[in-house]
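In the order they appear, the protein sequences are chains A and B. Going by my numbering, the first sequence wraps up at 523, each residue one higher than the last. Going by my numbering, the second sequence wraps up at 523, each residue one higher than the last. Don't be surprised by glycine CBs; every beta carbon is placed ideally from N, CA and C.
Protein chains: 2
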Amino acid sequence: MYRSSVEDYLEAIFNVSQGKGYARIKDIADALNVKLPSVSKMMRKLKSKGFVSFSSYGKVKLTENGVKAAKSVIGKHEILLKLLKILSVPDEIAQRDACAMEHHLSSVTVDQLVKFVKFVEDNPVKPPKWLKHFDHFCKFGEYPCRDKE
Amino acid sequence: MYRSSVEDYLEAIFNVSQGKGYARIKDIADALNVKLPSVSKMMRKLKSKGFVSFSSYGKVKLTENGVKAAKSVIGKHEILLKLLKILSVPDEIAQRDACAMEHHLSSVTVDQLVKFVKFVEDNPVKPPKWLKHFDHFCKFGEYPCRDKE
DNA sequence: GAAATATGTTAGCCATGTCTAACATTTATT
DNA sequence: AATAAATGTTAGACATGGCTAACATATTTC
């Protein structure tokens, strides 16, 4: 596979570090489904970019900037995931697609998605009536009734 | 840039061929913002995959399979574009983001997006009430009124 | 604590897709 | 038709990110 990149690594390191406070090369390799040397190589790059601190055979830790960058990626992932779920994309597929698309979302779009998800989640009526209509529309291909929205 | 790939080329060839019925290497290069040799090289690949027919210094034409593949990419692009526009992402940014994400959408997700867009577009009330509420929510950060959806 | 196992590193290769420079072919211009 | 301009090709380089094989260091386990 050729899709992984700096952002995937940051995300993986962040996730793997939860609790432990650091990541091992192996953890990252497992998380991303790549081999150890690929991780070793990438760590040099990440270090040179100031995203991680680590020395040979040691623990990988995100720097402050690394955490910031990781959170940004994870934020995109989460928001895409929420959107896809709202649109009734099955969980597993939503996960995969969110993962694949997260690198390509501009911040403007992210902002809009955030607003949309908030709009849905904060709606006083849960779930919002129109969403129920959407569910119905998905199942039957037509509106539940001609004058609801 | 490193993001272009077979799918981008197919899309570009399809678009450029509209009307003329074929594409020149230069057209494609301009459309994708790459140099001529990059296109030459990719054409060999596309030809070997059976997506285009073309011979040196000649015209590039999509094969039947090429057209099919191109249309699939373009479909994804369009549906993403529509979704982003519904969510009030500015046109230019929606274009760029749709382009960047189109390669990563699974067909299941595409199906859902198609349904969602259809749900919005076919709604008897135009624009749907909830969408107007969303607009309001975007502008003011709150619902227009406590009992509408 | 010595041997076995697990983890990490280095070196070197592969594939993708980009580029420039040099050369080839077409097409347009005069 | 000869020259100039535009377009296309080839060769060779670079960067990214993946891999295997061989070696190095840690960690277990006995």
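- For Leu454(A), the closest Cβ of chain B is not nearer than 7 angstroms.
- Here DSSP, grouped into helix, strand and coil, assigns Ser427(B) to strand.
- Val434(A) sits in a strand when the DSSP states are folded into three classes.
- At a cut-off of 7 angstroms, the C-beta of Asp465(A) has no neighbouring C-beta in chain B.
- If you check the CB distance, Ala468(A) and Lys459(A) come in under 7 angstroms.
- The Cβ atoms of Ala403(B) and Ile387(B) lie no closer than 7 angstroms to each other.
- Contact with chain A is absent for Ala386(B), since none of that chain's Cβ atoms lies less than 7 angstroms from the residue's Cβ.
- Under the criterion of beta carbons closer than 8 angstroms, Val426(B) and Val482(A) do not qualify as touching, at roughly 35 angstroms.
- For Ser462(A), no alpha helix (DSSP H) segment is defined, and its DSSP state is neither H nor E.
- About 7 angstroms separates the CB atoms of Leu454(B) and Leu487(B); that is less than 8 angstroms, so the two are in contact.
- Shortest Cα-Cα distance from Val390(B) to any of Asp509(B), Lys415(B), Val441(B), Tyr431(B) involves Val441(B).
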